[in-house]
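I have placed the structure first, in the form of structure tokens, so that the comments after it can refer back to it.
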Amino acid sequence: MKYKLTKNTDTEKKGKFGANLDVYPNVNDCGIVLVSTETGHNEEFSNLKSTFVYIVLEGNGSFFLDDVEVEVEKGDMISIEPNTRIYYKGKLKMVLITTPSWKPENEVETKASVW
């Protein structure tokens, strides 16, 4: 049996526009991040290449995707295709999986602050 265990204490910790991120090592070509926020992600952005898949572990809120509001709550999964403008509001704890894995050069800021 082969496996790799990454402890949360070994993840890279980042803060980004109101969201706290625990960044795990990539698995194959998927990025994996634990996202926690009290208010949301206060920047609208899009990604040129990656699909973003969020699974809501706790809380509820709204994603705004190309100006369309999509409400989410605990247990929901939302999959967002590349080139979609994204931001979200709410008190949320989520797993984010990006495929292919997130790269900074593929992210485009479309609005620096949304509230």
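The working numbering numbers the first residue of the sequence shown as 1062 and each following residue consecutively. Ideal Cβ placement from N, Cα and C applies to all residues, glycine included. Model, not experiment: these values are computed from the prediction.
Enclosing beta strand (DSSP E) for residue i [first to last residue]
i	result
Tyr1064	Counting along the chain, Tyr1064 falls outside any beta strand (DSSP E), and DSSP gives it neither H nor E.
Pro1086	Ala1080 to Val1088
Ser1123	Thr1112 to Leu1126
Inter-residue spacing [alpha-carbon to alpha-carbon] between residue i and residue j
i	j	result
Glu1099	Met1062	39 Å
Leu1172	Gly1079	Going by the sequence as given, residue 1172 is Lys instead of Leu. Distance between the alpha carbons of Lys1172 and Gly1079: 15 Å.
Buried or exposed (CB count within 10 angstroms, at least 16 for buried), residue i
i	result
Tyr1149	buried
Met1155	buried
Trp1163	buried
Segment contact flag, the region 1136-1146 with the region 1080-1088, C-beta cutoff 8 Å, min 3 pairs: Not touching, per the Cβ criterion.
Inter-stretch contact at 8 Å, needing at least 3 Cβ pairs: the region 1062-1073 / the region 1125-1134: Segments in contact, no.
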